[in-house]
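Numbering (this note's numbering), first residue to last: 87 to 345.
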């Protein structure tokens, strides 16, 4: 199926690895122009250097800290000028803080809330003047936003705040721009690879993640891949999804327990 993304310009934050990189790769393969950023510009350039792309697809990259409003403004303005406007934004920058309520300091609470909210607000504000009618914003969130995890107390609360903000943005930017969320479960990313390495386990990666999936009650019995998350993100950017806004799509192998 042709997703209708050829020639459309999309901003992707946190694009040097994981879901962001997989999303940028899929967009380029669909013929979209991609403006990609990450804090580490060298790592970003290396990650994107050899990605295959459809004929005519163009790539614009810059080092950018999404928590620095000036940085974001320069990056998004550069992208808008490069492509003559923007048709989509993927807000993907983020991390999780593995800590229970009693283990989380006030500073960590502030950092989590600041990251989850302002990494989106800064980008959306900067992009608004460049977004063409029919543009789409996808905020990468987590199932934690509706199903809090005790070991991720601050992250769960911050994710819930982002889900609420996304709903507000969908109402505020309609009908010109659509805003949706993709909520992740456990995904095979660098963050989980580091946790595996730090665990000191003698289990293989496959054995360790299988046990993790069983412990978390994931019906599909495994972690997802970055590509499995990238597909619904790209699909929501497509003009074929033109009547979907204010929605949140779970991509978690069935781990969500809410109705």
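The beta carbon of each residue, even a glycine, is placed where N, CA and C say it ideally should be.
The straight-line gap separating the alpha-carbon atoms of residue 260 and residue 222 is approximately 10 angstroms. By the beta-carbon neighbour count (other beta carbons within 10 angstroms, threshold 16), residue 250 is exposed. Under DSSP, residue 147 takes part in a beta bridge, and its partners are 122. Secondary structure remark: continuous alpha helix (DSSP H) runs of at least 4 residues inside the segment 277–317, in chain order: 291–302. Exclusion of the five residues before and after residue 145 leaves 120 as the residues of its chain whose Cβ lies within less than 6 angstroms of its Cβ. In this chain, the alpha helix (DSSP H) harbouring residue 196 covers 192–213. Counting along the chain, residue 218 sits inside no alpha helix (DSSP H); it lies in the beta strand (DSSP E) bounded by residues 217–228.
Taking 9 angstroms as the cut-off, the beta carbon of residue 89 is found no closer than this to the beta carbon of residue 114.
Between residue 147 and residue 108, the CB-CB gap reaches or exceeds 9 angstroms. Around the beta carbon of residue 254, fewer than 16 other beta carbons lie within 10 angstroms, which makes this residue exposed. Residue state for residue 173 is assigned as strand, using DSSP reduced to three classes. Approximately 26 angstroms separates the beta-carbon atoms of residue 273 and residue 173; this is outside 8 angstroms, ruling out the contact. Residues of the same chain with a CB within less than 8 angstroms of the CB of residue 310, apart from the 5 flanking positions on each side, are 270, 271, 272, 273, 274, 337, 338, 339 in chain order. Relative to residue 91, the option among 326, 342, 301 whose CA is nearest is 326. For the pair residue 124 and residue 143, the CB atoms are not nearer than the 9 angstroms cut-off.
Contact check for residue 99 against residue 176 passes: the beta carbons are separated by less than 9 angstroms. Under the three-state reduction of DSSP, residue 96 is assigned to strand. Under the three-pair Cβ rule at 8 angstroms, the segment 189–201 does not count as touching the segment 214–231. Going by beta carbons, residue 166 and residue 216 fall inside the 9 angstroms limit. Counting the other CB atoms within 10 Å of its CB gives residue 170 a total below 16, which places it among the exposed residues.
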